[in-house]
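Only one structure is covered here, and it is reproduced in the block below.
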Ligand code: FES
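Following this line, the structure appears as structure tokens:
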């Protein structure tokens, strides 16, 4: 049975076969997750937040070592986290470009209200 995956806050969804990584599912859903190491668990650019891990295969020691305690906050490496069953909701990190634009717009609005 396929695994349902939802990428938030984009609300992008995909159905994938068990054994698919979160990174592969993201690509199927048309979601860009930055990578630099080609999925070798060394660049840390593919970090995502997953609160409920029941739909995931158990974390392998390699990923646990790389995360060095961050897994306690729900952080997983998209290239290493393997989807197994059910419906998994994945929170994408904020896009740094969008965050910078939002910050600049907020600053401009604040300046506009002073005039
Ligand atoms: S793609 Fe580099 S750590 Fe996942």
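In my numbering, the protein residues as written are 2 to 116. Glycine included, C-beta positions come from ideal geometry on N, C-alpha and C. Quantities reported herein were computed from a predicted structural model and do not represent experimental measurements.
Asked	Found
Taking the Cβ atom as the reference point for each residue, do residue 98 and residue 8 lie within a distance shorter than 8 Å?	no
Please look up how many angstroms separate the CB atoms of residue 51 and residue 12, rounded, as I've assumed it's under 8 Å.	Actually they are not in contact, since the Cβ atoms of residue 51 and residue 12 sit about 16 Å apart, beyond 8 Å.
Indicate the three-state DSSP secondary structure (helix, strand or coil) for residue 85 in the structure shown.	coil
Could you check what DSSP says for residue 61 in three-state terms: helix, strand or coil?	coil
To the nearest angstrom, how far is it from the Cα of residue 108 to the Cα of residue 96?	18 Å
Below 7 Å CB to CB, which residues in the same chain sit around residue 76 once its five sequence neighbours on both sides are set aside?	48, 50, 68
Does residue 56 pass the burial test, meaning 16 or more other C-beta atoms within 10 Å, or should it be called exposed?	buried
Taking C-alpha atoms, which residue in 104, 23, 42 lies nearest to residue 64?	42
Strictly closer than 5 Å from CB to any heavy atom of ligand 1: give me those residues in the order they appear in the chain.	36, 38, 40, 42, 44, 47, 78, 80
Would you mind reading off the limits of the alpha helix (DSSP H) that contains residue 28?	23 to 30
Only counting the same chain, and skipping five residues up and downstream in sequence, which positions put a Cβ closer than 8 Å to that of residue 14?	5, 6, 7, 8, 30
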